[in-house]
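In the numbering used here, the protein residues as written are 1 to 235.
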Amino acid sequence: MKKTMLALLMAALPAISHSDPMTKEQGDAILKELQEIHQILAKQFPPEPPEEKLAVDVSGIPGEGNPKAPLTLVIFTDYQCPFCRRFELGSMREIRKEYVDTGKLRFLVRDLPLGIHPNAEKAAEAAHCAEDQGKFWQFRDKMIENSEHLEADKLPVYAKETGLDADKFSTCMKSGKYAKLIKDSISYADVLGISGTPTFVLGKLEGDKVYGVKLVGALPFPAFDQKIREMLEKK
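What follows is the structure, given as structure tokens:
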């Protein structure tokens with residue numbers, strides 16, 4: 001960037017003899033050129049937007065990794081969302097290997113089924129019904145792998161494949177036990193200004209809340225890696 005700026009400045013300066021004083025016209029011309037260069041650079045190198053900071057209530061939500069990890073990553077997710085699937089099968093595998101499994105990061109899950117995905121709310125309920133039987137992560141992984149096929153008749157099949165008691169799972173789903181929990185989670189995301197998935201908050205757990213920065217989208221692992229390293233260095 002510095003070389004680009006220097007080249008533009010040199011190109012803008014008129015040839016002026018060292019023995020002659022600069023005229024007003026020459027000064028005005030240089031000033032105009034510099035203003036135009038400033039506009040060009042502003043377009044080519046726009047300032048980065050400031051990080052948005054959030055405090056997220058994580059009481060009672062499922063998590064994996066060291067409870068005393070220095071950092072926590074909270075995901076707002078939708079099991080029918082293709083971008084969530086991309087994250088889980090891509091970046092998350094590296095994050096888990098580098099940070100969760102090594103005790104540096106705890107991963108927590110908040111539900112945000114979107115209205116455009118007709119099977120997402122029931123899928124979120126199903127994950128919590130699986131949690132009742134201690135199989136939240138196994139069932140969740142199964143749904144992520146099959147995110148394009150989360151129709152109501154498929155969920156009991158996935159429950160059986162992950163070793164759940166089929167009758168208990170069916171009873172839980174029919175009762176609507178977790179329907180309000182999911183709707184409350186959607187409302188809470190709206191209060192925080194979170195409307196898309198996946199959305200993350202990366203920060204420090206204090207009590208029942210994670211205080212951190214908001215990250216949006218199925219970012220590649222290097223983007224998460226850089227931010228996690230940066231925040232770990234501040235600890």
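The beta carbon of each residue, even a glycine, is placed where N, CA and C say it ideally should be. All values derive from a computational prediction rather than experimental measurement.
| Item | Value |
| --- | --- |
| Assign Glu151 to one of three DSSP states: helix, strand, or coil. | coil |
| Would you kindly work out how many angstroms separate the C-alpha atoms of Ser195 and Leu112, rounded to a whole number? | 8 angstroms |
| Assuming Phe136 and Ala127 are in contact, meaning their beta carbons sit under 8 angstroms apart, how far apart are those beta carbons, in whole angstroms? | 6 angstroms |
| If I measure Cβ to Cβ from Tyr211 and keep anything under 7 angstroms in the same chain, skipping five residues before and after, which residues do I get? | Ala55, Gly203, Lys204 |
| Is Asp78 helix, strand or coil when you go by DSSP? | coil |
| Rounded C-beta distance between Phe224 and Ile95? I'm assuming under 8 angstroms. | 6 angstroms |
| Is Tyr158 helix, strand or coil by DSSP? | helix |
| What's the gap between the Cα of Leu215 and the Cα of Pro67? | 22 angstroms |
| By DSSP, does Asp111 sit in helix, in strand, or in coil? | strand |
| For Leu215, name the three-state secondary structure that DSSP assigns. | strand |
| Give me whichever residues DSSP pairs with Lys204 in a beta bridge. | Tyr211 |
| Leaving aside the five residues before and after Gln80 along the sequence, list all residues of the same chain whose C-beta is less than 6 angstroms from its C-beta, in chain order. | His117, Asn119, Ala120, Ser147, Leu150 |
| If we ignore side chains and look at the alpha-carbon of each, how far apart do Asp167 and Cys129 end up? | 11 angstroms |
| Name the two residues that bound the continuous beta strand (DSSP E) containing Leu54. | 53 to 57 |
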